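Numbering (UniProt numbering), first residue to last: 1 to 162.
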């Protein structure tokens, strides 16, 4: 994989399509929830927890190329590598695709994330070891508690006074 460029994205009003309805699809949907993005999940079946995310629209069906039309972000998150590859092939050049089964085929990867209101800490191994990123996330979550929300607000006020 080539060198990655880290970025925080404003997804408000954009569209994200997740192909698949399992554990990985749920994790991707949870990460997107609350960002203002329209989340569409395309899968014959989905985990019950996906129903609880009010930001999600479920299309109960097998994937077709037309399902990603107009999407800004696409997650190929099925347990079928051939379907994930087909999703990547169907994407247009201006669409960003994440193939959860093969990071080399992805335009982007999602880091492990710690959120404390405006404070966001992203942890990545550039796709080499999601397990290590998860372990580091757990370690750092204990170090950076909810007091950071107050600290960030305090620094923001100080910045705005200048």
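Idealized CB from N, CA, C, for every residue including glycine. Computed from a predicted model, the values in this text were never measured in an experiment.
Range covered by the alpha helix (DSSP H) that runs through residue i
i	result
residue 115	Note, residue 115: premise wrong, no alpha helix (DSSP H); beta strand (DSSP E) at 112-116.
residue 84	81-90
residue 27	23-32
First and last residue of the uninterrupted beta strand (DSSP E) at residue i
i	result
residue 75	73-76
residue 146	Note, residue 146: premise wrong, no beta strand (DSSP E); not H, not E.
residue 19	15-19
residue 120	119-123
Distance CB(residue i)-CB(residue j) smaller than 8 Å
i	j	result
residue 85	residue 105	yes
residue 40	residue 57	yes
residue 19	residue 78	yes
residue 68	residue 90	yes
residue 33	residue 53	yes
residue 184	residue 97	A question about residue 184 goes unanswered here, because the residues of the chain that appear run from 1 up to 162.
residue 60	residue 74	no
residue 129	residue 4	no
Residue i, buried or exposed, once every other Cβ within 10 Å from all chains shown has been counted against 16
i	result
residue 28	buried
residue 21	buried
residue 26	buried
residue 65	exposed
DSSP bridge partner residues for residue i (one or two, in chain order)
i	result
residue 99	76
residue 46	For residue 46, which the question treats as bridged, DSSP gives no partner whatsoever.
residue 59	42
Residue-chain proximity (residue i, chain B), Cβ-Cβ < 8 Å
i	result
residue 98	No chain B is present in this structure, which holds just one protein chain.
Distance cut-off 7 Å: residue i Cβ against heavy atoms of the ligand SAH
i	result
residue 6	Inclusion of the ligand SAH in the displayed structure is not the case, the ligand content being empty and no account of it being possible.
- Specify whether the region 114-124 and the region 142-156 touch according to this definition: at least 3 beta carbon pairs, one from each stretch, less than 8 Å apart. yes
- Quick one: any contact between the region 95-104 and the region 42-50, if contact means 3 or more CB pairs under 8 Å? no
- So does the region 126-145 actually touch the region 5-17, counting three or more Cβ pairs closer than 8 Å? Output reads no: the region 5-17 does not touch the region 126-145.
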